[in-house]
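Q:
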Amino acid sequence: MIPYLFLFAYIAVLFASLWKLFQKAGQPAWAGFVPGYNILVWLKISGKPWWWIFLFLVPGVNLLMFILMNVNISIVLNDRDTKSHLLMVLLPWWRIPQIVFSKAEYVGPVPVADRKRGLLGQWGDAILFAVIVATVFRTFTFEAFTIPTPSMEKSLLVGDYLFVSKLSYGPRLPMTPITFPFTHHTMPFTASTPSFLTWFSQPYRRLPGFGDPERGDAVVFNFPEGDTVVANFQNQSYYQLVRNYGRAKIHDPNFRMLNMVDGQVRQVPTGGILVRPLDKKENYIKRCVAVAGDSLEVRDGLVYVNGEPQPLPPEGQYAYEFVLRSKFNEKRMKELFDVSPDDIGQGENGGVAIPLTTPAAEKLKTFDNVVSMTKQVHPRGYSVDYAKLPYFPNNPEYDWSEDNFGPIYIPKKGAAVKLDLHVLPLYERVIRVYEHNDLQVKDGVIMINGAPADSYTFQQDYYWLMGDNRHRSQDARFWGYVPRDHVVGKAVLVWFTKDPYTGIRWKRLFTLVK
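Mind the numbering: the sequence shown is residues 926 to 1439 in my numbering, read in order.
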């Protein structure tokens, strides 16, 4: 509430002062009280193009525009030193009426090349405007994105640099507009310092787009479980760490766990807990395999949607375990199958496990040093020692694995689902976290917002997203649905790509994402 009071106070001060500024500039005083038109006049007397008015309509960007125009009040009234500009940025409530109602005279905007201004004064507003334009482009059209993990290989590769289209599904308006330019959630050169302020936030809103996520799309989204993060283990799910170690240990900043640091496994303290708003959660990219209203099941690694089998994308991979007479030649593996040393791991039955496309697996199976090859298929009830209840809905009522999962219904806006204590774990996080309801179970009765409930009607659409590298992907099988308000955009173009081992992949430059 306090940030909005400051904002309203600023608007009131501005409206109360513009008429006097206009009068000094030879414009009619009444124009200062006409919303919209006063911005046009303000731009005119500041020497700015009229079409800048459209930038005042963009949430987040409009805050930067007002800052820029505050500085220009100081400029046109011949108060052009750096101190005055800083006062206009930091204390406009006091500085605007002070200078406007003083004896200062209107002298007009100053050319960029005017040597009476210092370098910062000459280029400050130009740089700020460049930041504004880049921010508008990044927020509402296309944003660069990097593939950091192998979860989408071989469709998308580690080291791929993508353009993500926000126009495809409709650009989302900034929810935490006060943020350091060109950062997502962390300040440059820091590991956990937030680059955003949460005291001035906006509700979720989205502009119209060309459509909605469809099956087969490579979708960029905010990680649904990324609302809470362990500072020194940001690449792991906080909720899974809590299941593994307990909340008390994970919230202890001095509790130590094993983590990979500079290529070595070390004991690392948790470092405390970070909390992030929706639009500042980590960005992920996965393949949309089911949309709102679909029913999904995974049988022996093959996805079925509404009862129909959905083949793995042509470049998708499964994990295969090889029993060998002698080790694979790493250089040869890279040349033939684009398998990096990092891809070769310890198998579950004494062999080596490698993610491969089906054709590559069949070819590698014929090598002389291969004794046998087995495709990984984890049955229902499969468990691992290092993770407790890792598969969604992370509840002992369900014995699912990543290869045998479901059936499960993907929530659709306006659709209702029957609730009981067995079904509830599937939709508990949807009801409580994503749709902001008070959910409790009292004496075996499900209570939503204080009233008994045996059904629930969903407020938004959800999607089921999985990696093409099916056995090297932390995806919906582990943390569930992706809400519509978490969707960022659609991956459309690989504009640059560099293999960590062999350098630039020239043939992939400027290729469309499939």
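All C-beta atoms, glycine included, are put in the ideal place defined by N, C-alpha and C. All of these numbers come straight from a predicted model, not from anything done at the bench.
What number of angstroms, rounded off, separates the C-alpha of G1033 from the C-alpha of K973?
A: Approximately 11 Å between the Cα atoms of the pair.
Q: Go ahead and label V1083 buried or exposed: buried means 16 or more other beta carbons lie within 10 angstroms of its beta carbon, across all protein chains shown.
A: When all chains shown are included, V1083 counts as buried.
Q: Is there contact between the segment 1078-1097 and the segment 1128-1142, where contact requires at least three CB pairs shorter than 8 Å?
A: Enough Cβ pairs lie closer than 8 Å, so yes.
Q: Can you tell me which of Y1243, P1304, V1223 puts its alpha carbon nearest to the alpha carbon of S1080?
A: Closest option to S1080, Cα to Cα, is Y1243.
Q: Y1334 to I1373, Cα distance in whole Å?
A: Rounded to the nearest angstrom, the two C-alpha atoms are 20 Å apart.
Q: Between the segment 1225-1232 and the segment 1167-1184, do at least 3 Cβ pairs fall closer than 8 Å?
A: In short, these stretches do not touch, since the Cβ pair count stays below three.
Q: For L1132, which beta-bridge partners are listed by DSSP?
A: L1132 is not bridged to any residue.
Q: For the beta strand (DSSP E) containing Q1365, list its first residue and its last residue.
A: Where Q1365 is concerned, the enclosing beta strand (DSSP E) stretches over 1364-1367.
Q: Alpha carbon to alpha carbon, what distance is there between Y1209 and I1371?
A: Rounded to the nearest angstrom, the two C-alpha atoms are 33 Å apart.
Q: Taking the straight line between their C-alpha atoms, what separation do you get for A1285 and I1269?
A: Their backbone Cα atoms lie some 14 Å apart in a straight line.
Q: Following the continuous beta strand (DSSP E) through A1286, name the residue where it begins and the one where it ends.
A: Not the beta strand (DSSP E): A1286 falls in the alpha helix (DSSP H), residues 1283-1289.
Q: Considering just the uninterrupted stretch of the beta strand (DSSP E) at K1174, what are its terminal residues?
A: It is not in any beta strand (DSSP E) - K1174 instead sits in the alpha helix (DSSP H) that spans 1172-1175.
Q: Measure the alpha-carbon distance for L1390 versus R1402 and round it to whole angstroms.
A: In a straight line, the C-alpha of L1390 is about 9 Å away from that of R1402.
Q: For G1171, tell me which candidate among P1149, V1190, T1195 has the shortest Cα-Cα distance.
A: Nearest option by C-alpha distance: T1195.
Q: Using 7 Å as the cut-off, classify the Cβ of Q1161 as near or not near the heavy atoms of the ligand MN, replying yes or no.
A: The ligand MN is absent from the structure shown, which contains no ligand whatsoever.
Q: Please report how far the alpha carbon of V1037 lies from the alpha carbon of Y1388, in whole angstroms.
A: Low local confidence applies: a pLDDT of 46 at V1037 is under 50, so the model's placement there is unreliable, and no value is given.
Q: Using a Cβ-Cβ cut-off of 7 Å (strictly less than) and excluding sequence neighbours within five positions of V1302, which residues of its own chain qualify?
A: Within the same chain, V1302 has close Cβ partners D1225, G1226, D1328.
Q: Rounded to a whole number of angstroms, what is the C-alpha to C-alpha distance between V1145 and A1069?
A: In a straight line, the C-alpha of V1145 is about 11 Å away from that of A1069.
Q: Short of 7 Å in beta carbon distance, which residues of its chain neighbour V1296, apart from the five on each side in sequence? Order them along the chain.
A: The residues are V1248, L1249, R1250.
Q: Is the beta carbon of K1091 less than 8 Å from the beta carbon of G1414?
A: Yes. Within cutoff.
Q: Can you give the beta carbon distance from E1477 to F1148, rounded, assuming they're within the 8 Å contact cut?
A: Given a span of 926 to 1439 for the chain in the structure shown, any question on residue 1477 remains unanswerable.
Q: Return the first residue and the last residue of the beta strand (DSSP E) that W1420 is part of.
A: Segment 1412-1424, the beta strand (DSSP E) holding W1420.
Q: Would you mind working out which of Q1127, I998, Q1365, V1154 sits nearest E1207, comparing C-alpha positions?
A: Closest by alpha carbon: V1154.
Q: How many Å lie between K1211 and G1392 at the Cα?
A: Approximately 5 Å, taken between the alpha carbons.
Q: Taking Cβ to Cβ, would you say Y1316 is nearer than 8 Å to P1336?
A: Not in contact: Y1316 and P1336 (Cβ atoms no closer than 8 Å).
Q: Please list, in chain order, all residues of the same chain as V1167 whose beta carbon is under 8 Å from its beta carbon, the five residues on each side excluded.
A: Within the same chain, V1167 has close Cβ partners I1175.
Q: Indicate the three-state DSSP secondary structure (helix, strand or coil) for M1013 in the structure shown.
A: If DSSP states are grouped into helix, strand and coil, M1013 belongs with the helices.
Q: So, at 8 Å on beta carbons, what are the nonlocal neighbours of P953 in its own chain, with the 5 sequence-adjacent residues on each side left out?
A: Cβ neighbours of P953 beyond the five flanking positions: F947.
Q: Measuring straight from C-alpha to C-alpha, what distance separates Y1163 and L1199?
A: Roughly 10 Å separates the two Cα atoms.
Q: Mind checking whether V1419 and D1142 have CB atoms under 8 Å apart?
A: No; because the gap between Cβ atoms is not below 8 Å, this pair is not in contact.
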